[in-house]
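To start, the structure under review is shown below, and the notes come after it.
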Amino acid sequence: MKNEGLNAKEGKIVTIAAFTAKGDMDKLKAALNEGLDAGLTVNEIKEILVQMYAYAGFPRSLNGLGTFMGVTEERQKKGIKDELGREPSPLPPNKSKLELGTEIQTRLIGSPASGVIYTFAPAIDAFLKEHLFGDIFGRDNLDFQSREIATISALANMEGVNPQLQAHFNIGFNVGLTESQMKSLVAVLDAKVGKKEADTASEILGKVLNSRAG
Numbered sequence: 473m474k475n476e477g478l479n480a481k482e483g484k485i486v487t488i489a490a491f492t493a494k495g496d497m498d499k500l501k502a503a504l505n506e507g508l509d510a511g512l513t514v515n516e517i518k519e520i521l522v523q524m525y526a527y528a529g530f531p532r533s534l535n536g537l538g539t540f541m542g543v544t545e546e547r548q549k550k551g552i553k554d555e556l557g558r559e560p561s562p563l564p565p566n567k568s569k570l571e572l573g574t575e576i577q578t579r580l581i582g583s584p585a586s587g588v589i590y591t592f593a594p595a596i597d598a599f600l601k602e603h604l605f606g607d608i609f610g611r612d613n614l615d616f617q618s619r620e621i622a623t624i625s626a627l628a629n630m631e632g633v634n635p636q637l638q639a640h641f642n643i644g645f646n647v648g649l650t651e652s653q654m655k656s657l658v659a660v661l662d663a664k665v666g667k668k669e670a671d672t673a674s675e676i677l678g679k680v681l682n683s684r685a686g
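Structure follows, in structure tokens:
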């Protein structure tokens, strides 16, 4: 098992997701430039920003995409040629979105999703399986680890979502992120985003580590 923290590209995913969720477009602009300079492709960053709508809402996602459009235009005018990167593969034709999303959700969580909230509101169960995990996580031009780094970073910058933050730390471990990488993520938040956000993430990470050690 590797003991290294996040690599340069993964560290930039943290700040891109954090500032998108926070709604700080000035700092996001700088983070986007740094992300491209670190080697993230244009399509990888688009994918991060699109995924943010599922956690921070359409307005913040759209604002992030608009900021990114401006960044790419400025860089093109300066003669900077950023790698476009690949588009996602088509979704499997032999599976419905519900089937694909259920498989992905089960893999990420570690077991089939269950709970009274899904019985109380079956629509949210369908939306999670078909749309979040089928439509979004089913797009393969951004791996699950990168998606979880982005999700954890976004949730750490939002008030009142600690249960979801805890769940996604667990999912992060399930998809192969290490304790060193998680602590590195918190360190990036502390250095680049804010102490409050880093403290929240550190507290929740500690609970997850304790529960997984038990």
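Residue numbering for the sequence shown follows this note's numbering, starting at 473 and increasing by one per position.
For glycine and all other residues, C-beta sits at the position ideal for the given N, C-alpha and C.
- Using a Cβ-Cβ distance cut-off of 8 angstroms, the region 525-535 and the region 489-498 are in contact, since at least three pairs of beta carbons, one from each stretch, lie closer than that value.
- By the C-beta criterion, the region 542-554 is judged not to be in contact with the region 563-579, since fewer than 3 inter-stretch pairs fall below 8 angstroms.
- Nearest Cα to K518 within the set F540, D498 and T591: F540.
- Distances from the CA of G511 to each of K499, I485 and F645 were compared; the closest alpha carbon is that of I485.
- About 22 angstroms separates the beta carbons of L478 and A526, which is beyond the 8 angstroms limit, so they are not a contact pair.
- The beta carbons of L504 and D554 sit no closer together than 8 angstroms.
- Here DSSP, grouped into helix, strand and coil, assigns D671 to helix.
- In this structure, the CA atom of L500 is about 7 angstroms from the CA atom of T487.
- The region 615-634 makes no contact with the region 557-566, as fewer than three CB pairs between them are under 8 angstroms.
- Distances from the CA of Q638 to each of K664, S683 and G610 were compared; the closest alpha carbon is that of S683.
- Within the same chain, and ignoring the five residues on either side of Q636 in sequence, the residues whose Cβ sits closer than 7 angstroms to its Cβ are L627.
- Counting only the Cα atoms, D615 lies some 18 angstroms from K569.
- In the structure shown, V647 falls within a coil segment according to DSSP collapsed to helix, strand and coil.
- Close CB contacts of I643 within its chain, under the 7 angstroms cut and outside five residues either way in sequence, are with L580, I581 and E620 (chain order).
- Collapsing the DSSP output to three states places S625 in a helix.
- In the three-state scheme derived from DSSP, where H, G and I count as helix and E and B as strand, P565 is classed as coil.
- Of the candidates N646, D498, E571 and G538, E571 places its Cα closest to the Cα of E602.
- In the DSSP assignment, T487 falls within the alpha helix (DSSP H) that extends over A480 to K494.
- D615 carries a coil assignment under DSSP once its states are collapsed to helix, strand and coil.
- Between V658 and L681, the C-beta spacing is not below 8 angstroms.
- Closest in alpha carbon position to K567, among I552, A673, A598 and G606, is G606.
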